[in-house]
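K.L.:
Under this note's numbering, the first residue of the sequence shown carries the number 25, and numbering increases by one thereafter. For each residue, glycine too, the CB sits at the ideal point set by N, CA and C. Below: one structure in C-alpha cells.
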Amino acid sequence: MLVKENDHGHQRISRIRTRVRICVFFVLKGGILESLLRQWDGEEVMIRFDHPTGAWIIIALHNTRLGIGTGGTRMKHYSGLQEALQDAMKLAESMSYKYAVADFPRGGAKAVIALPDDFDTQERLNLLRRYGKLVCQLGGLFETGPDVGTSPDDMDIISETGDPYIFCRTPAKGGAGDSGPATALGVFSGMQAACEQLFSDPSLEGKRVLVQGAGSVGKPLIRLLLEAGAEVLFTEIDEPAITHFRDKKGLKFIHPDKIFDTPCDIFAPCALGGILNKDTIPRLKCLAVAGGANNQLAEAADAERLWGRQVLYAPDYAINIGGAMAIIGIEAMGWSQTEADQKVKSVRQTLNHIFAIAKAEGINTDGAARRIARSRLFEE
Ligand code: PHE
C-alpha cells in the first residue's frame, strides 16, 4: 500500500514535471519570437495560421519609406514558425536594401509560406487562393511576385483572389512572366563591373565562371556568359539539369561537394542563401563572388572575411535586383522591355560605385553598399 502511494506520488510529480517542462518550453518559445520581433528594425509582421493545411503565412514589411512594400513569396518547408519568421524578416530587410541601393521607388517586404511536414499537395491551390485573399485584404500595403518555391503559374492562381497586387503572372494572364532572365541580366552586368575592378576590362571573354544552380536565374545567366565567351563551370543537384548542361551543352560539371575548392575567376551563387560562411570562405579559390541568390552571407561578419581574403564580393542585394526592377517597371511603371533591359544594366554602375567607395575608404563592399542604402532608408 505504502509503495503504491509512493508510486502514485512519483507519477504525480512526474506528470507535474512534464507539465512544467511544456510550460517552460512555451514561455521560452514565446520569448524567442518576442525577442526576434523586438530586435528587428522593420515595420510590421503579419502572421496567419492556415488551419486547413497547417501552414504559417508570414508577411513582413521592413521599410516602406521609398515606396509600397514589395517582395516575393517564398514557399517551402521550415523547421517551425521561428525559422520561417526569421527568414521572412531577413529577406524583407534585404529587399529594403535592394531597392535603396538601386534608388528604386519600392519598399522592402517579403512573404513566407511555411509548409508543414505533412503538407497535402492537393491543398496547394486552395492555400495559394487563401493567401491571395489575405494580400488583397491588405489593400495595397504589400505587393508580391515569385520567389523560391513559387512560379508565374502560382502567381496566376494567387491573383485570382489577390488582384491587383500580384506581379509576374504568365503572359497568358496579362503578366510579364518569369523574372529570372532579368535577374540574370543584372547579375551579368554586375560581373562586368567585377571584371572592370579586377582586370581593368569589363569583358567576360575567357573568364572562368562557376555557376551554382542552373535554375530560373542560373540558366539564363549561363546563356549570357556563353554568348560573352566565358568558360562556364556549373554545379547542380537536379539530375535533368545536370544532364542538359553537361551532356548536351558540354559544360564542365562540378560536384556540389567541390564548389568551394574549385579555382575560378568568378563564383556565382544562384541557389539558396547562407552558403558563404566561416567554413566555406577560407576554401574559396575565386577572385570574385557575384551571383543572384538572396542572403548569400550566413552572417554580417562574412563580408569582412571575404574582404580579408581579397575576394571581391558583389553584395547580393545590389546585384540581384534585375528581376524585381524589370517586372515592377514593366507592370507598374509602363516601361518597355528595352527600357527595362537598359535600367537593369545600371547594376553595373551601382556596383562600380560600391567598389569605388570600398576601395577609397578601406571598408568591405557590403559595408559600402549598406552605407549607400542606409542614407536613403533612414536619413532625413
Ligand atoms: N524574388 C524576387 C526578388 O527577390 C521578388 C520579386 C520578383 C519581387 C518580381 C517583385 C517582382 O527580388
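In angstroms with no decimal places, state the Cα-to-Cα distance between ALA384 and GLY237.
P.N.:
On the sequence shown, residue 384 is found 360 positions in, with the first residue counted as 1. On the sequence shown, residue 237 is found 213 positions in, with the first residue counted as 1. Straight-line Cα distance between these residues: approximately 34 Å.
K.L.:
Tell me whether ILE305 counts as near the ligand PHE, meaning its Cβ is closer than 7 Å to at least one heavy atom of that ligand.
P.N.:
Within the sequence shown, numbered from 1, the residue matching residue 305 stands at position 281. Answer for ILE305: no, Cβ out of range of the ligand PHE.
K.L.:
Should GLY95 and ALA133 be called a contact, given that it needs their Cβ atoms to be closer than 8 Å?
P.N.:
Residue 95 sits at position 71 when you count from the first residue of the sequence shown. Residue 133 sits at position 109 when you count from the first residue of the sequence shown. Yes, Cβ-Cβ distance for GLY95 and ALA133 is below 8 Å.
K.L.:
Just curious, the beta strand (DSSP E) that ASN318 is in, first and last residue?
P.N.:
Stepping through the sequence shown from its first residue, residue 318 is reached at position 294. Neither: ASN318 is in no beta strand (DSSP E) and is coded neither H nor E.
K.L.:
As an exercise, report each continuous alpha helix (DSSP H) stretch of at least 4 residues that is fully enclosed by the stretch 106-171, in chain order.
P.N.:
The qualifying runs are 148-161.
K.L.:
Over what stretch of residues does the beta strand (DSSP E) that includes ASP285 continue unbroken?
P.N.:
Start at 1 with the first residue of the sequence shown, and residue 285 comes out as number 261. Unbroken run through ASP285: none, as it is neither H nor E.
K.L.:
Which runs of the beta strand (DSSP E), 3 residues or longer, sit entirely within the stretch 166-231?
P.N.:
Those beta strand (DSSP E) runs which fall completely within the stretch 166-231 and span 3+ residues are 166-170.
K.L.:
Within the same chain, show all residues whose beta-carbon is closer than 6 Å to that of VAL136, passing over the 5 residues directly before and after it, in chain order.
P.N.:
Taking the sequence shown and counting its residues from 1, the one referred to as residue 136 is at position 112. So the list reads ILE82, ARG98, ALA108, ASP111 and ALA112, once near-sequence residues are dropped.
K.L.:
How would you label GLN216, buried or exposed, when you count the other beta carbons within 10 angstroms and need 16 or more for buried?
P.N.:
What you label residue 216 is simply residue 192 of the sequence shown in a count that begins at 1. With 16 or more Cβ atoms within 10 Å of its Cβ, GLN216 is classed as buried.
K.L.:
Given that a residue counts as buried once 16 or more other Cβ atoms are within 10 Å of its Cβ, and exposed if not, what is LYS243?
P.N.:
By 1-based counting over the sequence shown, the position of residue 243 is 219. Per the 10 Å Cβ criterion, buried.
K.L.:
Suppose contacts are defined by Cβ-Cβ distances below 8 Å. Is ARG153 in contact with ILE92 by that definition?
P.N.:
For the purposes of this step, residue 153 is identified with residue 129 of the sequence shown, where counting begins at 1. For the purposes of this step, residue 92 is identified with residue 68 of the sequence shown, where counting begins at 1. Cβ atoms of ARG153 and ILE92: not closer than 8 Å.
K.L.:
Let me make sure I understand the geometry here. Which of GLY164, GLY274 and LEU250 has the alpha-carbon closest to that of LEU85?
P.N.:
On the sequence shown, position 61 is the one that residue 85 refers to. Comparing Cα positions, the closest option is GLY164.
K.L.:
What's the call for LEU149, buried or exposed, on a 16-neighbour Cβ count within 10 Å?
P.N.:
By 1-based counting over the sequence shown, the position of residue 149 is 125. The residue is exposed, with fewer than 16 neighbouring Cβ atoms inside 10 Å.
K.L.:
Return the residue from the list ILE354, ILE278, THR174 and ASP142 that minimises the CA-CA distance to SER103.
P.N.:
The count along the sequence shown starts at 1 and reaches residue 103 at position 79. Nearest option by C-alpha distance: ASP142.
K.L.:
So HIS377 is in the alpha helix (DSSP H); what residue range does that whole segment cover?
P.N.:
Along the sequence shown, one-based indexing puts residue 377 at 353. 371-385 is the span of the alpha helix (DSSP H), which, as asked, contains HIS377.
K.L.:
I'd like to know whether the C-beta of ILE343 is nearer than 8 Å to at least one C-beta of chain C.
P.N.:
No chain C is part of this structure, which consists of one protein chain only.
K.L.:
Span of the beta strand (DSSP E) holding THR94?
P.N.:
As a position in the sequence shown, residue 94 is number 70, starting the count at 1. Per DSSP, THR94 belongs to the beta strand (DSSP E) from 93-101.
K.L.:
When the Cα atoms are used, what is the spatial distance from LEU222 to LEU311?
P.N.:
The residue labelled residue 222 in the question sits at position 198 within the sequence shown. The residue labelled residue 311 in the question sits at position 287 within the sequence shown. Whole-angstrom Cα-Cα distance: 8 Å.
K.L.:
Indicate, with yes or no, if the ligand PHE has a heavy atom lying under 7 Å from the CB of ALA348.
P.N.:
Locating residue 348 in the sequence shown gives position 324, where the first residue counts as 1. It does: the Cβ of ALA348 is within 7 Å (strictly closer) of some heavy atom of the ligand PHE.
K.L.:
Does the beta-carbon of GLU117 have 16 or more other beta-carbons within 10 angstroms, so that it is buried, or is it exposed?
P.N.:
The sequence position of residue 117 within the sequence shown is 93, counting from 1. GLU117 is buried by the Cβ-count criterion.
K.L.:
The beta strand (DSSP E) spanning GLU328 covers which residue range?
P.N.:
Taking the sequence shown and counting its residues from 1, one reaches residue 328 at position 304. From DSSP, GLU328 is part of no beta strand (DSSP E) but of the alpha helix (DSSP H) over 325-332.
K.L.:
Check whether the Cβ of PRO176 lies closer than 7 Å to any heavy atom of the ligand PHE, and answer yes or no.
P.N.:
Position 152 of the sequence shown, counted from the first residue, corresponds to residue 176. PRO176 Cβ: outside cutoff for every heavy atom of the ligand PHE.
K.L.:
Go ahead and label ILE261 buried or exposed: buried means 16 or more other beta carbons lie within 10 angstroms of its beta carbon, across all protein chains shown.
P.N.:
Taking the sequence shown and counting its residues from 1, one reaches residue 261 at position 237. Exposed: under 16 other Cβ atoms inside 10 Å.
K.L.:
Assuming THR207 contacts ASN344 under a Cβ cut-off of 8 Å, what Cβ separation, rounded to an integer in Å, is found between them?
P.N.:
For the purposes of this step, residue 207 is taken as residue 183 along the sequence shown, with counting starting at 1. For the purposes of this step, residue 344 is taken as residue 320 along the sequence shown, with counting starting at 1. With 8 Å as the limit, THR207 and ASN344 qualify as a contact, their Cβ atoms being about 6 Å apart.
K.L.:
Would you tell me roughly how many angstroms separate the C-alpha atoms of ASP326 and VAL233, rounded to the nearest one?
P.N.:
What you label residue 326 is simply residue 302 of the sequence shown in a count that begins at 1. What you label residue 233 is simply residue 209 of the sequence shown in a count that begins at 1. Taking the straight line joining both Cα atoms gives about 21 Å.
K.L.:
For the alpha helix (DSSP H) holding MET70, just list the boundary residues, first then last.
P.N.:
Indexing the sequence shown from 1 puts residue 70 at position 46. Not the alpha helix (DSSP H): MET70 falls in the beta strand (DSSP E), residues 68-74.
K.L.:
For GLU255, which beta-bridge partners are listed by DSSP?
P.N.:
Start at 1 with the first residue of the sequence shown, and residue 255 comes out as number 231. According to DSSP, GLU255 bridges with ARG232.
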